[in-house]
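A.B. asks: Protein chains in written order, with this note's numbering: chain R, 279 to 391; chain D, 75 to 191.
Let me begin by handing over the structure; questions about it come next.
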Amino acid sequence: QKEVEQNSGPLSVPEGAIASLNCTYSDRGSQSFFWYRQYSGKSPELIMSIYSNGDKEDGRFTAQLNKASQYVSLLIRDSQPSDSATYLCAVDAGGTSYGKLTFGQGTILTVHP
Amino acid sequence: GAGVSQSPSNKVTEKGKDVELRCDPISGHTALYWYRQRLGQGLEFLIYFQGNSAPDKSGLPSDRFSAERTGESVSTLTIQRTQQEDSAVYLCASSLGGRGLASYEQYFGPGTRLTVT
Numbered sequence: 279q280k281e282v283e284q285n286s287g288p289l290s291v292p293e294g295a296i297a298s299l300n301c302t303y304s305d306r307g308s309q310s311f312f313w314y315r316q317y318s319g320k321s322p323e324l325i326m327s328i329y330s331n332g333d334k335e336d337g338r339f340t341a342q343l344n345k346a347s348q349y350v351s352l353l354i355r356d357s358q359p360s361d362s363a364t365y366l367c368a369v370d371a372g373g374t375s376y377g378k379l380t381f382g383q384g385t386i387l388t389v390h391p
Numbered sequence: 075g076a077g078v079s080q081s082p083s084n085k086v087t088e089k090g091k092d093v094e095l096r097c098d099p100i101s102g103h104t105a106l107y108w109y110r111q112r113l114g115q116g117l118e119f120l121i122y123f124q125g126n127s128a129p130d131k132s133g134l135p136s137d138r139f140s141a142e143r144t145g146e147s148v149s150t151l152t153i154q155r156t157q158q159e160d161s162a163v164y165l166c167a168s169s170l171g172g173r174g175l176a177s178y179e180q181y182f183g184p185g186t187r188l189t190v191t
């Protein structure tokens, strides 16, 4: 069974710090990787996508991908209380999945003032 | 542009009744997905449509659940003879579809909160 694993947390960081969220996946055929943010009571919101090994930066967010280690991470710089949410890692199911994503259980992030 | 819309936003129904949930994807998105999220739990995949066909129904929990999509647009998820364990938020997402890597980028609607009493 194809799996996506995340540390459930909660991860607590002080305001202004760097939050580091990690995710591992089991399917070596996966090629597309996503991070979603989900506020309590809301639906998931796509914040980052990454397809190639290395880093991808967008504002305060940096996604990192290492396909050899089957590892993807999200760094949030200058963390703000408004970043407090559950962060979901999602990976394409590979092969002939035609766009189906497998989601991790999510990591709860709390940024305290 | 308009995002994914879902209706109703909330639905309370009695055990044993049938319910229909509706999803209207982003215009131009050919792929559509249904998920279920129980309180405090992760996303549970239900079914995927590419156009009007459903190549992957592997997540439907039982034969009480069915879904259809017409005209590469609106989809309805029907739950017959609802049970209390069906209580959850039902989320719909859409993506461009096709084979490119960006086709996997899924955008979610606000969800329908279903409560079975």
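Each residue gets a CB set at the ideal place from its N, CA and C atoms; glycine is no exception.
From which residue to which residue does the beta strand (DSSP E) around tyrosine 178(D) run?
C.D. replies: Neither: tyrosine 178(D) is in no beta strand (DSSP E) and is coded neither H nor E.
A.B. asks: Any beta-carbon of chain D closer than 8 Å to the one on glycine 377(R)?
C.D. replies: yes
A.B. asks: Less than 8 Å between the C-beta atoms of leucine 289(R) and leucine 387(R), yes or no?
C.D. replies: yes
A.B. asks: Measuring only between beta-carbons, confirm whether glutamine 158(D) sits less than 8 Å from chain R.
C.D. replies: no
A.B. asks: Tell me cysteine 390(R)'s beta-bridge partners as DSSP assigns them.
C.D. replies: Cysteine is not the amino acid found at residue 390(R); the sequence shown has histidine there. Residue pairing for histidine 390(R): DSSP places it in a beta bridge opposite Pro292(R).
A.B. asks: Roughly how far, in whole angstroms, is the beta-carbon of leucine 343(R) from the beta-carbon of tyrosine 181(D), given that I think they are within contact range, below 8 Å?
C.D. replies: Not confirmed; about 21 Å, so no contact.
A.B. asks: With respect to the beta strand (DSSP E) encompassing lysine 334(R), which residues constitute its N-terminal and C-terminal limits?
C.D. replies: 332-336
A.B. asks: Would aspartate 336(R) count as contacting chain D if we go by Cβ distances under 8 Å?
C.D. replies: no
A.B. asks: Are the beta-carbon atoms belonging to alanine 141(D) and glutamine 124(D) less than 8 Å from one another?
C.D. replies: no
A.B. asks: Can you confirm whether the stretch 347-362 of chain R touches the stretch 285-301 of chain R when touching is taken to mean that 3 or more C-beta pairs between the two stretches lie within less than 8 Å?
C.D. replies: yes
A.B. asks: Using a cut-off of 9 Å between C-beta atoms, extract the partners of glycine 287(R) located in chain D.
C.D. replies: By Cβ distance, chain D contributes nothing, its closest Cβ being about 13 Å from glycine 287(R), past 9 Å.
A.B. asks: When the cut-off is 8 Å and only beta carbons count, does tyrosine 329(R) lie next to chain D?
C.D. replies: True, the Cβ-Cβ gap to chain D drops below 8 Å.
A.B. asks: Tell me, which residues are paired with asparagine 285(R) by DSSP?
C.D. replies: DSSP output for asparagine 285(R) lists no bridge partner at all.
A.B. asks: Check whether chain D comes within 8 Å of glycine 384(R), counting only Cβ atoms and requiring the distance to be less than that.
C.D. replies: yes
A.B. asks: Okay, do the stretch 112-131 of chain D and the stretch 75-89 of chain D touch, 3+ Cβ pairs below 8 Å being the bar?
C.D. replies: no
A.B. asks: First and last residue of the beta strand (DSSP E) that includes leucine 134(D)?
C.D. replies: Neither: leucine 134(D) is in no beta strand (DSSP E) and is coded neither H nor E.
A.B. asks: Taking 8 Å as the threshold (beta carbon to beta carbon), is leucine 175(D) in contact with chain R?
C.D. replies: The beta carbon of leucine 175(D) falls within 8 Å of a beta carbon belonging to chain R, placing the residue at that interface.
A.B. asks: Can you find the residues in the same chain that come closer than 6 Å, C-beta to C-beta, to glutamate 94(D), ignoring five residues on each side of it along the sequence?
C.D. replies: Thr150, Thr152
A.B. asks: Measuring alpha carbon to alpha carbon, tell me which of Ser136(D), Ser168(D), Tyr164(D), Asp160(D) ends up nearest glycine 102(D).
C.D. replies: Distance check between glycine 102(D) and each of Ser136(D), Ser168(D), Tyr164(D), Asp160(D) places Ser168(D) closest, using alpha-carbon atoms only.
A.B. asks: Starting from threonine 150(D), follow the beta strand (DSSP E) in both directions and report where the run begins and ends.
C.D. replies: 149-153
A.B. asks: For a cutoff of 8 Å on Cβ pairs, would you count proline 184(D) as touching chain R?
C.D. replies: yes
A.B. asks: Quick check on glutamate 88(D): does DSSP put it in helix, strand or coil?
C.D. replies: In the displayed model, glutamate 88(D) falls within coil according to three-state DSSP, outside both helix and strand.
A.B. asks: Please list, in chain order, the chain D residues whose beta carbon lies closer than 9 Å to that of phenylalanine 312(R).
C.D. replies: Going along chain D in sequence order, the residues near phenylalanine 312(R) (Cβ under 9 Å) are Tyr178, Glu179, Gln180.
A.B. asks: What first and last residue would you give for the beta strand (DSSP E) that runs through leucine 343(R)?
C.D. replies: 339-344 is the extent of the beta strand (DSSP E) around leucine 343(R).
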